[in-house]
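Reviewing the structure listed below.
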Amino acid sequence: MDNLSLIIAYRKSFDGAARVASSGSKLSLRNPLTNSSFFLTAIGKAEDAQVILENCLDKDTVYKFLRPWLGQGLFIAPLGLWKNHRRVLLPVFHNKVVEEYLQIISDQANILLERLAEESGKREFDVLRYITACTLDVVFDGRIKTVLDMLFGREIDFTDEQLREHIDSITIAGNDTTALVIAYTLVLLGIHQDAQERVFEEQQSIFKNSKQGATKEDLRCMNYLERVIKESMRLYTVVPIIARNVDKEIYLPHSKVTIPVGVGAVVGAFAIHRSVDEWGSNANEFDPDRFLPERSDNRHPAAFIPFSYGSRNCIGRNFGMLIMKSIISSIIRTYKIEANEVGPLKIEVLLFPIRGHQVKITKR
Ligand code: HEM
4 MDNLSLIIAY RKSFDGAARV ASSGSKLSLR NPLTNSSFFL TAIGKAEDAQ
54 VILENCLDKD TVYKFLRPWL GQGLFIAPLG LWKNHRRVLL PVFHNKVVEE
104 YLQIISDQAN ILLERLAEES GKREFDVLRY ITACTLDVVF DGRIKTVLDM
154 LFGREIDFTD EQLREHIDSI TIAGNDTTAL VIAYTLVLLG IHQDAQERVF
204 EEQQSIFKNS KQGATKEDLR CMNYLERVIK ESMRLYTVVP IIARNVDKEI
254 YLPHSKVTIP VGVGAVVGAF AIHRSVDEWG SNANEFDPDR FLPERSDNRH
304 PAAFIPFSYG SRNCIGRNFG MLIMKSIISS IIRTYKIEAN EVGPLKIEVL
354 LFPIRGHQVK ITKR
C-alpha cells in the first residue's frame, strides 16, 4: 500500500475511534496494512485517562501513518529512544528560552495584521489559513534555530536524519495545533461579544492604545484571555483523541476492568472535556470563568487534558500558550470580530470545522 492510501485508510480508522471515544466502549477496527481486525479501548472518563496517560507511554500503532515523515521524531519515538531524546530536548522548551522568542512572535503578528487588512470590512472568510501562515513562521523560525543551536554539542550525537525528524515533529506537532486553537478562539469571541468586550478591556488596561507586541509581563496580566483560550481548548479540543499502546496489563479504576497487554487505548479528550460528570450540566456552554481558580479546585487533574497528561504530555505547551496569547492579543487590539457558529466538526487526526473558521473582521 502506498503512503497516501495508508494515510487515508488510517484517517478512516481515526474517524471510527472518534465516534467511539465519545461513547466509552470497545471498538474493533481494521488494520489497513494487514486487513485484520484489531481492538482499541475507548477511554471516556478522567479517572481512567489519568491511569492510561501516566502508565502507558508508548504510542499506539494507529500513528504508524506518520512514520514516513516523522520517523523516530519525539511525537512517535519508541519508548527507549523517547526517554533519552525527551530529556535532551526539554531545555529547548524551558520558559526562559521560549520567552526569547517574543520578538519573533510579535514581528510575525504584525505581518498577520497587515495581511488581515485585505479582509477588513468585507464578508465572512476562513481565518485559519492566515493564522497557519503566521504560526508556521513563528514555530519554524523560533524553534528550529534553537533546536539546532541547543542540540549540537550535547551528550547525544544526533544524526542528520534524527535532527530532521525532530524538527519535522516539532513543526508538525506545534504549528497546526496552535493555529487551530487561535482560530477557534477567534470564532468563539466573534459569537460571544460580551467575552470579546472583556478581552478587549483587559488588553486596553495592559496596553492603553499601544500596538506594541506583548512582553512576558504583559502576557502574565492576560488572565481573562487565558481563561478564554482554555475554554476554547476544552470545547474544541484540537487533539481530540490520544492513542497509546497498553504495554503492561492495566486496571482502569472507573470502568473497573483490566486491559490486557497489546490493546490500544484511545483517550477521548474531546469527550472528557464535554462530560457532564466533570463539567456540570452546562458542559456544552462557553463559560471561560469555569477556569477561575476557585472554580477549578475540585476538578479531577485529568479532566482538562488539551496538552495530554503525564510525562509524555505536550513538550511545547508553554510555548504554545505564549504564541496564542500574544497573537490573539494583537488581533483583538486591532480588529473587532463577528461570527455566527462553529458548525459541524470532523476529525482528521486534529479537529476541524467542516465549513472552516468563518469570521468577519472590522478595524477598531
Ligand atoms: C495549542 C497548541 C498545542 C496543543 C493543543 C498540543 C497538543 C499536544 C498533545 C495532546 C500532545 C500529546 C499526545 C499524546 O499524549 O500522545 C502533544 C505532544 C507534542 N507536542 Fe504539542 N500541542 C500544542 C503545541 C505545541 C507546540 C507549540 C509545540 C512545539 C513547538 C509542540 C510540540 C509537541 C511535541 C514535540 C510533542 C511530542 C511530545 C512527546 O512525545 O514527548 N506542541 N501536543
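Once you know that position 256 of the sequence shown is 259 in this note's numbering, the rest is easy, because the numbers rise by one and skip nothing. Even for Gly, the Cβ is constructed at its ideal location relative to N, Cα and C. On a predicted model such as this, the values are computed, not experimentally measured, just so you know.
Check your understanding: In its own chain, which residues sit with a C-beta less than 6 Å from the C-beta of residue 310, not counting the 5 before and 5 after it?
Key -> 316, 317, 320
Check your understanding: Of all the beta strand (DSSP E) runs that stay within the bounds of the segment 33 to 84, which reach a length of 3 or more residues?
Key -> 40 to 46
Review point. Can you name, in chain order, every residue of its own chain whose Cβ lies under 6 Å from the Cβ of residue 329, other than the five neighbours on each side?
Key: 108, 217
Point to revise | Start-end ranges of the alpha helix (DSSP H) lying completely within the segment 85 to 136, minimum 4 residues | key: 98 to 102, 105 to 119
Review point. So residue 339 is in the beta strand (DSSP E); what residue range does that whole segment cover?
Key: 338 to 341
Check your understanding: According to the Cβ coordinates, are residue 194 and residue 134 closer than 8 Å?
Key -> no
Exercise for review: Give the straight-line distance between the Cα atoms of residue 228 and residue 286, rounded to the nearest whole angstrom.
Suggested key: 20 Å
Practice item. Within 10 angstroms of the Cβ of residue 42, are there 16 or more other Cβ atoms? Answer buried if so, exposed if not. Key: exposed
Practice item. List the residues that DSSP assigns as beta-bridge partners of residue 351. Key: 353
Review point. For residue 106, does the count of other Cβ atoms within 10 angstroms reach 16, so buried, or fall short, so exposed?
Key: exposed
**Study point:** Residues bridged to residue 277 [DSSP beta-bridge criterion]
**Key:** In the DSSP output, where bridge partners are listed per residue, residue 277 has none listed.
Review point. Measuring CB to CB, does residue 307 end up less than 8 Å from residue 234?
Key: no
**Study point:** Paired residues, beta bridge with residue 260 - DSSP
**Key:** 255
Practice item. Kindly provide the ranges of any alpha helix (DSSP H) runs that are 4 or more residues long and lie completely inside the segment 296 to 325, ordered along the chain. Key: 296 to 299
Check your understanding: Under a Cβ-count criterion, where at least 16 other Cβ atoms within 10 Å of its own Cβ denotes burial, should residue 264 be classed as buried or exposed?
Key -> exposed
Exercise for review: Compute every distance between the C-beta of residue 306 and the non-hydrogen atoms of the ligand HEM, then say whether any falls below 7 Å.
Suggested key: no
Point to revise | Outcome for residue 114 when other beta-carbon atoms lying within 10 angstroms are tallied against a minimum of 16 | key: exposed
Review point. In this structure, does DSSP put residue 365 in helix, strand or coil?
Key: strand
Exercise for review: Alpha carbon to alpha carbon, how far is residue 88 from residue 94? Give it in angstroms, no decimals.
Suggested key: 11 Å
Practice item. Excluding the 5 residues preceding and the 5 following residue 140 in the sequence, name in chain order all residues of the same chain whose CB lies nearer than 6 Å to its CB. Key: 111
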